[in-house]
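Asker:
In this note's numbering, the protein residues as written are 20 to 128.
1) Specify the secondary structure class of residue 116 as computed by DSSP and reduced to three states.
2) Does residue 103 pass the burial test, meaning 16 or more other C-beta atoms within 10 Å, or should it be called exposed?
3) Helix, strand or coil for residue 39? Go by DSSP, reduced to three states.
4) Relative to the alpha-carbon of residue 10, which residue among 94, 28, 25, 110 has its alpha-carbon at the smallest distance?
5) Can you check which of these residues, 41, 22, 51, 99, is closest to residue 59 by C-alpha distance?
6) Tell whether a beta-carbon distance below 8 Å holds between residue 62 and residue 97.
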């Protein structure tokens, strides 16, 4: 993680602690970790992180119930992420080292 990114994350975390209805999620792509190279795992990570507090928690619970307690597909993850983001007044998402993702920038288009 770059120094610039670390500083930005610290500032945003401080902001989010003091703000109501603000979400924050971080994903670090890693060439050395296959789990941190895929679009699916990016979506899962963002959905889970935004689901740690309300209103994102309600969105995460609904998605889990809708998937009948199975792993949701990409489409459902995308919809859940969109709904979760829309439920907050403010959301900050940090994607670091996206150039380490074999899927590249197309993964997050």
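For glycine and all other residues, C-beta sits at the position ideal for the given N, C-alpha and C. The structure displayed is predicted, hence computed values, not measured ones.
Answerer: Walking through what the data contain:
1) By 1-based counting over the chain shown, the position of residue 116 is 97. Here residue 116 sits in coil by DSSP.
2) Indexing the chain shown from 1 puts residue 103 at position 84. With 16 or more other Cβ atoms within 10 Å, it is buried.
3) On the chain shown, position 20 is the one that residue 39 refers to. Residue 39 falls in the coil class under three-state DSSP.
4) Residue numbering for the chain in the displayed model covers 20 to 128; residue 10 lies beyond these limits and cannot be assessed.
5) Position 40 of the chain shown, counting from 1, holds the residue named residue 59. Comparing Cα positions, the closest option is 99.
6) As a first step, residue 62 is located in the chain shown; it is residue number 43 there, counting from the start. As a first step, residue 97 is located in the chain shown; it is residue number 78 there, counting from the start. In this structure, residue 97 lies closer than 8 Å to residue 62 by Cβ.
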